[in-house]
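Peer 1:
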Amino acid sequence: MSELDERNDLERMRDLRGRSKHPWIRRSMLALLGVPVALALLGAIGQPTNTFVAAGGGARLQLEAPNTLRGGLMWRTRIAVRAELDIKHPRIVLGPGFLHGMQVNTIEPAPESEASRGSRVVLSYPELKSGDELVVYLQLQVNPTTVGNEDTSVELDDETRRLARITHTTRVLP
560 MSELDERNDL ERMRDLRGRS KHPWIRRSML ALLGVPVALA LLGAIGQPTN
610 TFVAAGGGAR LQLEAPNTLR GGLMWRTRIA VRAELDIKHP RIVLGPGFLH
660 GMQVNTIEPA PESEASRGSR VVLSYPELKS GDELVVYLQL QVNPTTVGNE
710 DTSVELDDET RRLARITHTT RVLP
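If you're matching positions, the sequence shown starts at 560 in the working numbering and goes up one per residue.
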């Protein structure tokens, strides 16, 4: 019998003689690849959104944002303002981390005007009467080269008088 015939032994090839564990090793390795996907679908891992609230000065400010992001990730934040008293000139002041190392895709509803206050962005909206609510959505994307902690604090002002502030830091992973 030639060397080729010995390697092509029917029992070894068809019946997996001496290799009965190999298919189970492959199957278990494939199953392990599905574990992170299953955990992500169940919400056990990922980048959950957290809710932060501050109240005072006749208003309630709420921020929904993740604490941790990865480079290249598109993400959303929600800022809600509920006026307990009239706010003549509502301004949402965004921390510098919203622009440093980030691309702003959209801000909805669009502010009446935008300005800067040092390294912060100020979004101006129309007057809010007592009981009114303003909800602002920001959609952003992390620059792939951004790494570290970013100040993503949010402040609510009536013109220049601070009504409420949420101090928030977002950690950006590579």
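Positions of the beta carbon are idealized from the N, C-alpha and C atoms, including for glycine. As the structure is a prediction and not an experimental result, all values here were calculated from the model.
Do you know how far the Cα of I651 is from the Cα of D716?
Peer 2: One C-alpha to the other measures close to 6 Å.
Peer 1: Take A613 and list the residues in its own chain whose beta-carbon comes closer than 7 Å to its own, dropping the five residues that flank it on each side.
Peer 2: So the qualifying residues of the chain are L620, A723, R724, I725.
Peer 1: Using beta-carbon positions only, say whether V640 and E692 come within less than 8 Å of one another.
Peer 2: Yes. Within cutoff.
Peer 1: Among the residues of its own chain, which have a CB less than 7 Å from the CB of G707, if the five just before and after it don't count?
Peer 2: Correct list, in chain order: V731.
Peer 1: Can you tell me whether V694 is buried or exposed? The criterion is at least 16 other CB atoms within 10 Å of its CB, across all chains shown.
Peer 2: Result: exposed.
Peer 1: Give the single residue among K688, N609, G593, R629 whose Cα lies nearest to the Cα of T705.
Peer 2: If we check each option's Cα against that of T705, R629 comes out closest.
Peer 1: If I measure Cβ to Cβ from N702 and keep anything under 6 Å in the same chain, skipping five residues before and after, which residues do I get?
Peer 2: G660, listed in sequence order.
Peer 1: Could you tell me if I646 is buried or exposed, where buried requires 16 or more neighbouring beta carbons within 10 angstroms of its beta carbon?
Peer 2: Classification of I646: buried, given that the 10 Å Cβ count is 16 or more.
Peer 1: State the Cα-Cα distance for the pair A669 and Y696, rounded to the nearest angstrom.
Peer 2: Using only the alpha carbons, I get a separation of about 9 Å.
Peer 1: Among the residues of its own chain, which have a CB less than 7 Å from the CB of E643, if the five just before and after it don't count?
Peer 2: So the list reads G617, A618, R619, S689, once near-sequence residues are dropped.
Peer 1: Rounded C-beta distance between G654 and T719? I'm assuming under 8 Å.
Peer 2: At roughly 17 Å, the Cβ-Cβ gap does not stay under 8 Å, so G654 and T719 are not in contact.
Peer 1: Looking at the secondary structure, which residues open and close the beta strand (DSSP E) in which I638 lies?
Peer 2: Run containing I638: 633-642, per the beta strand (DSSP E) assignment.
Peer 1: If you follow the alpha helix (DSSP H) that A590 is part of, which residue opens it and which one closes it?
Peer 2: Start and end: 581-600.
Peer 1: If we count the other Cβ atoms within 10 Å of its Cβ and call it buried at 16 or more, is A674 buried or exposed?
Peer 2: The residue in question, A674, is exposed, as its Cβ has fewer than 16 Cβ neighbours within 10 Å.
Peer 1: Between Q698 and R635, is the Cβ-Cβ spacing less than 8 Å?
Peer 2: It is a contact, given that the beta carbons lie within the stated cut-off.
Peer 1: Going by the beta-carbon positions, is the gap between E671 and S683 smaller than 8 Å?
Peer 2: Cβ atoms of E671 and S683: closer than 8 Å.
Peer 1: Look at the alpha carbon of Q700 and the alpha carbon of M588, and state the distance between them as a whole number of angstroms.
Peer 2: Distance between the alpha carbons of Q700 and M588 is about 34 Å.
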